[in-house]
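Here the structure is laid out as structure tokens; the discussion comes afterwards.
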Amino acid sequence: MAYILEMIDEKGQIAVDFLLGISLFLIALTFTVQFIPGMFISGSAGESSLDYTAYRTATVLVEDTGWWGNSTSSGTDWEEHPVSIMRIGLAVDDDPSSKLTNTPNLISRNKTLEMMNVDEKTFIEMMGLYNNVDDTPFSYGYNISFKQNGNVLMLNNTSIVRGQIIPNYQESTKITRIVLMEKGTIASFTGDNLTSELANTATINVTGPFEENITIRISDLNLTGSSPMFLNASLEGTTLTRASNYTMWKMDGWDKEPFNGSLSSGDIISFDFDKELFSTGTECRLDLEFINVSLPTPGPPFTKYNNESAPYYEPAYLVVEVWQ
Amino acid sequence: MEDLRKDTSGQWIALSGLVISLIIIGLAVLANQAALAGYHSSNAALEFPKENIRELNQHTRDNAQTIKDMAFYMNSTTNETVPVAFEQLFDNYSTQMQKLYAVHGEVVDVSLVSINSTTGNYTMEDIDMVFVNITYDDGRTHYSAEPEIIEVME
Amino acid sequence: MKRLFADEEGVSILFEYILFSLICIGFFMIVSVNSDEIFMQTPNEVVMQNEMSDIGNMMSTMITDMYLILPANGQIDTKYDIPPKVGTETYIINADIAYTDQIIELVSSDSGKKVRVTIGGIATTMPINGTASSSSTNHMISYDSRR
Amino acid sequence: MNDKGQLHTLEGLGAAVLMTLTILTISQSTMIVTPQNELAIDVHLEQMSSDALTVMDRNPVDSAQYNLTECIACWDMNEADYPTDTAGNLDELDAGLRYLLPNALYNVDLAYIENDDLKVDKAIINGPAGKNAVVTRHFVTLTNSTVSEMGGGWNLGDNELKVVEVRLTTWKI
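Chains as they are written, first to last, in the working numbering: chain A, 45 to 368; chain B, 18 to 171; chain C, 3 to 149; chain D, 3 to 175.
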């Protein structure tokens with residue numbers, strides 16, 4: 045009887061109200077539950093694979109010399125045989141017949157420049173910058189660049205950057221490697237082995253042409269008198285303009301510091317001369333005029349830049365970015 | 018009946034509790050396994066002793082040059098012949114490398130096989146190559162270069 | 003009669019009961035039909051995709067690293083561990099197609115799911131071959147310059 | 003029927019909106035740091051510090067910077083003391099590493115064999131190693147001529163060569 049009384053109390057609206065609420069709740073719950081696993085798929089699977097694609101690409105570029113081969117011969121100097129490239133690697137190699145890299149992290153200038161010319165399809169295939177889903181290959185987006193002090197490195201007036209522009213709306217993975225980049229040639233002199241004809245003026249004979257700007261580095265200058273300094277540089281008697289014809293630096297360990305000309309003992313100074321100055325291909329006489337510096341070795345004959353020069357390596361960063 | 022009705026709603030609550038706990042369990046399992054992802058590939062990159070092996074090889078190459086120079090110095094100051102001095106120095110180097118690698122649980126062996134001379138005389142110009150056996154073992158990775166041919170210049 | 007029509011209270015309890023039951027039954031049918039897919043297969047798929055691409059990347063990275071230090075005369079071999087199962091299935095690592103396609107393939111045994119990982123141009127200069135099954139206990143990659 | 007505490011339309015709607023919003027917020031935010039990313043960061047750091055040592059080691063001899071062997075040869079054998087004297091007289095090494103690893107901190111230990119025993123000296127200390135620190139190693143061989151040229155305190159005989167393990171521990175700040 046109590047039950048019947050209670051039933052009379054019932055109101056239909058409550059149930060409908062409740063039912064509507066619960067239905068909404070359940071629909072949302074179903075949607076949520078189905079949605080959650082999907083979140084994980086897109087994120088992690090692709091990413092971990094991208095991480096190591098970038099890792100492998102950077103490793104092969106930095107630590108491998110590359111390889112070319114056809115039916116008759118093969119070697120690591122693939123930059124000379126762009127038609128039969130089998131692998132792309134940028135490490136310097138002294139012995140083109142051995143596949144081993146004895147000098148990882150030293151990057152060859154010629155190989156880097158040739159890398160810029162390799163066509164897109166071959167490059168993606170060589171570097172493994174693609175994925176293969178259900179037998180249809182698709183390429184990853186990539187951006188490979190060499191950087192120095194935050195700027196893209198220039199070789200032979202080309203910015204060394206390859207690939208697409210990095211999209212900022214998409215997640216990408218990035219690997220940075222520290223390398224020594226071959227940036228042309230350098231000749232190092234000490235104050236004692238610089239030759240001079242005129243007092244205070246060091247003379248070096250330079251024979252062009254050069255592919256890159258040339259660097260002359262001078263250490264251990266014998267300073268005499270007060271406020272010794274570097275005055276100017278002249279080529280075949282013509283005074284050169286600072287900044288446009290040459291730049292100069294004071295080297296402080298790994299850092300390059302601006303140099304205004306005044307010298308103090310223990311300084312290592314470095315001059316970068318524009319390669320265009322020597323484009324005639326004949327031997328030129330380069331004079332570096334100092335004040336209050338003694339140069340004990342008389343000339344002529346003068347020291348030859350080309351006899352002293354060696355590949356010039358500067359620290360740089362290889363940045364590889366890969367995205368889907 | 019009153020009890021039954023109360024029970025019904027109670028069951029619903031219990032059921033929704035069950036559903037939600039199922040979801041949470043599913044997610045926990047998922048998150049757990051997602052945590053494992055990337056483990057193997059990083060492990061390959063972190064654990065594979067690429068740098069250790071390369072350093073062993075490279076350093077031995079660099080050292081062959083140093084040892085050659087020292088062997089000639091020893092030859093000029095003591096009565097040792099160049100090959101004997103070379104071997105002594107190389108053994109010394111090998112022992113030090115063994116001990117330094119052993120600290121990290123790696124067994125290495127660097128041993129001199131022969132010194133190659135173009136003419137049979139042991140002068141600075143004639144010694145152009147040395148043959149060295151290099152082995153490395155860390156229990157998982159075994160490396161052996163037998164022989165590693167190292168060019169030594171003047 | 004009029005009172006019977008006007009009085010909705012009896013209908014309401016019946017109606018409530020029917021609607022309530024329908025919704026509950028409907029929900030649980032959906033849940034039970036989809037639960038296997040939602041709670042087992044989808045996560046399993048995710049986990050398999052993740053782990054297989056992880057293991058594929060491990061193989062590829064290892065081969066790349068190993069390639070870079072190969073001795074000119076001599077040999078190198080390295081053991082590696084892989085889980086016996088990804089998700090709920092065993093799988094096979096297949097490197098035999100590496101030479102032509104520059105790819106390592108992982109195939110799961112039951113569902114036949116395939117994951118492919120590239121190996122960055124190494125296979126053209128160094129033949130890579132072999133298969134490995136996840137259910138065997140010892141796995142090794144080896145190289146011998148004399149072979 | 004007492005309907006207190008029951009779900010009503012509004013509450014159901016509220017619950018649905020809440021759940022959807024939560025999911026959307028989570029999926030929209032890119033800050034899902036999954037564990038494998040952390041491992042990948044380790045790999046990256048190890049690669050960088052190993053590169054730094056290789057670059058210092060391979061640096062051509064006539065460059066403006068001293069290479070790794072020369073840096074180690076000049077050491078006066080006095081261990082560093084944190085925080086008063088973090089690098090001893092290894093300024094060149096410290097400057098080089100700081101230049102090459104700008105976003106990381108590092109300690110350098112030198113291990114070598116002395117009288118048949120292993121000796122490990124702390125050469126550079128930049129603090130206690132952080133979590134996820136990675137260790138990379140390189141070897142240099144010192145001879146009396148390199149040491150005396152650089153003015154170090156290694157005290158080697160003329161016919162002695164000493165292999166020194168340079169142990170670099172690196173961690174992200």
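Heads up, the beta-carbon is just placed ideally off N, CA and C, and yes, glycines get one too.
Reduced DSSP category for residue i - H, G, I as helix; E, B as strand; rest coil
i               : result
G87 of chain A  : Residue placement at G87 of chain A cannot be trusted, given a pLDDT of 47 that sits under 50; the coordinates are not used to answer.
P100 of chain B : helix
D95 of chain A  : helix
E162 of chain D : coil
L238 of chain A : coil
W173 of chain D : strand
P37 of chain D  : Low confidence applies here, because P37 of chain D scores a pLDDT of 49, under 50, leaving its location unreliable; read the following figure in that light. Here P37 of chain D sits in helix by DSSP.
E81 of chain D  : coil
R157 of chain B : coil
V124 of chain B : strand
R148 of chain C : coil
K294 of chain A : strand
C76 of chain D  : coil
I28 of chain D  : helix
D79 of chain C  : strand
E54 of chain A  : Low confidence applies here, because E54 of chain A scores a pLDDT of 49, under 50, leaving its location unreliable; read the following figure in that light. E54 of chain A falls in the coil class under three-state DSSP.
V366 of chain A : strand
Y101 of chain D : helix
Q214 of chain A : coil
M225 of chain A : strand
H141 of chain C : coil
Q105 of chain B : helix
Closest by C-alpha distance to residue i, when choosing among the options
i               : options                        : result
L105 of chain A : A:H125, A:R131, A:N114         : A:R131
S306 of chain A : A:D95, A:M292, A:E215, A:V364  : A:M292
A74 of chain C  : A:T145, A:W111, A:T116         : A:T145
K422 of chain A : A:N154, A:D108, A:A354, A:Y361 : Past the boundaries of the shown model lies residue 422 of chain A; chain A is included only from 45 to 368, so the question cannot be answered.
L95 of chain D  : D:L41, D:D83, D:T86, D:Q67     : D:Q67
I70 of chain B  : D:N161, D:T138, D:D111         : D:T138
L332 of chain A : A:M171, A:P345, A:F274         : A:F274
K87 of chain C  : C:I25, C:A100, C:N52, C:I105   : C:N52
A97 of chain C  : C:Y69, C:T133, C:R148          : C:T133
S110 of chain C : C:N46, C:N131, C:D103          : C:N46
K67 of chain B  : B:I40, B:Y110, B:I166, B:R157  : B:R157
Partners in chain C for residue i, counting only beta-carbon separations shorter than 8 Å
i              : result
I66 of chain A : I25
V36 of chain B : V33
Neighbour-count burial assignment, residue i, 16 or more Cβ in a 10 Å radius
i               : result
T139 of chain C : exposed
M142 of chain C : exposed
I1 of chain D   : Because chain D spans 3 through 175 in this model, residue 1 of chain D falls outside it and cannot be assessed.
L242 of chain A : exposed
I84 of chain C  : buried
V35 of chain D  : Unreliable placement is indicated for V35 of chain D, whose pLDDT of 48 sits below 50; the coordinate value is still reported in the next sentence. V35 of chain D should be labelled exposed.
I258 of chain A : buried
R100 of chain A : buried
D112 of chain C : exposed
V19 of chain D  : exposed
N61 of chain D  : buried
L12 of chain D  : exposed
L23 of chain D  : exposed
Per-residue contacts from residue i into chain C (C-beta, under 9 Å)
i              : result
I41 of chain B : Here the premise fails: no neighbours, minimum Cβ distance about 11 Å.
Residues that residue i contacts on chain A, provided the C-beta gap is smaller than 8 Å
i              : result
A62 of chain B : Y96, Y99
Chain-ordered neighbours of residue i on chain B, where CB pairs are closer than 8 Å
i               : result
N146 of chain A : Q75, R78
I84 of chain C  : H57
Chain D contact residues for residue i, given Cβ-Cβ distances below 8 Å
i               : result
N149 of chain A : D53, T56, V57, R60
Whole-Å CB distance - residue i paired with residue j, under 8 Å assumed
i               : j               : result
V119 of chain C : G76 of chain C  : Actually they do not touch by this definition, with Cβ atoms about 28 Å apart.
T229 of chain A : P355 of chain A : 6 Å
Y184 of chain A : T103 of chain A : Actually they are not in contact, since the Cβ atoms of Y184 of chain A and T103 of chain A sit about 16 Å apart, beyond 8 Å.
Any non-hydrogen atom of the ligand HEM within 7 Å of residue i CB
i              : result
E91 of chain C : Because no ligand of any kind appears in the structure shown, any question about the ligand HEM cannot be addressed here.
Contacts of residue i in chain D (Cβ-Cβ under 7 Å)
i              : result
Q82 of chain B : The contacting residues do not exist; Q82 of chain B stays about 10 Å from chain D at best.
Under 9 Å from the C-beta of residue i: neighbouring residues of chain B
i               : result
I115 of chain D : T112, Q113, K116, L117
Proximal chain A residues relative to residue i, where beta-carbon distance stays under 9 Å
i               : result
T127 of chain C : W111, G113, S118, M130, R131, K143
Partner residues on chain C for residue i, Cβ-Cβ distance less than 7 Å
i              : result
I70 of chain B : I71
Interface partners of residue i on chain A, CB under 7 Å
i               : result
I127 of chain D : Within chain A, no residue comes near I127 of chain D; the closest Cβ sits about 20 Å away, beyond 7 Å.
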